[in-house]
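Step one of this worksheet: look at the structure below.
In our numbering, the protein residues as written are 94 to 257.
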């Protein structure tokens, strides 16, 4: 009987420990109806209506002043977009896709005979050691712990407005 009890206790411990390290969290609060990014303040807000649910300090592209216009400019876009998808296998822990470039972004780049770039995300740091300054190629970065929370809270289709 003691052997059986020990086996059951070991199984319970293994199951409990296996869920502790998961990067996927659950969220049961109010729906995030909009994401706002304020580049100048390095802040991102998750909103339900006009109520701020969460606020985060963010890192931006390495050339953060002005809107993203072309591939390789290291700028973070500005304007109205939406969250396109979740990426649970991101190189940056977890990520949420942003709908850049939109039609206006593509038209502007085309008029200048340059590609607009793409693959802009809200993502974690992936323990890359970058904790100071803006360092992304145009994305919005938060800590790995924060992206876990954001990933659980924000659904594809959620509008995101990126202010200068």
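Idealized CB from N, CA, C, for every residue including glycine.
Bridge-paired residues (DSSP) for residue i
i	result
residue 189	179, 215
residue 158	Looking at the DSSP assignment, residue 158 forms no beta bridge with any residue, so it has no partner.
residue 127	140
residue 233	215
residue 174	253
residue 147	139
residue 132	According to DSSP, which records beta bridges pairwise, residue 132 is partnered with nothing at all.
residue 152	234
8 Å Cβ cutoff met for residue i and residue j
i	j	result
residue 157	residue 255	no
residue 187	residue 244	yes
residue 127	residue 249	no
residue 161	residue 185	no
residue 228	residue 165	no
residue 239	residue 149	yes
N-terminal and C-terminal residue of the beta strand (DSSP E) that residue i is part of
i	result
residue 136	136-141
residue 259	This structure cannot speak to residue 259, because the chain is shown only from 94 to 257.
residue 255	252-256
Closest by C-alpha distance to residue i, when choosing among the options
i	options	result
residue 138	250, 162, 235	235
residue 167	238, 175, 209	209
residue 143	173, 240, 129	129
residue 159	150, 181, 177, 131	131
residue 146	230, 122, 136	122
residue 175	215, 257, 151, 241	215
residue 230	237, 218, 238	218
Residue i - containing alpha helix (DSSP H), residue span
i	result
residue 237	237-246
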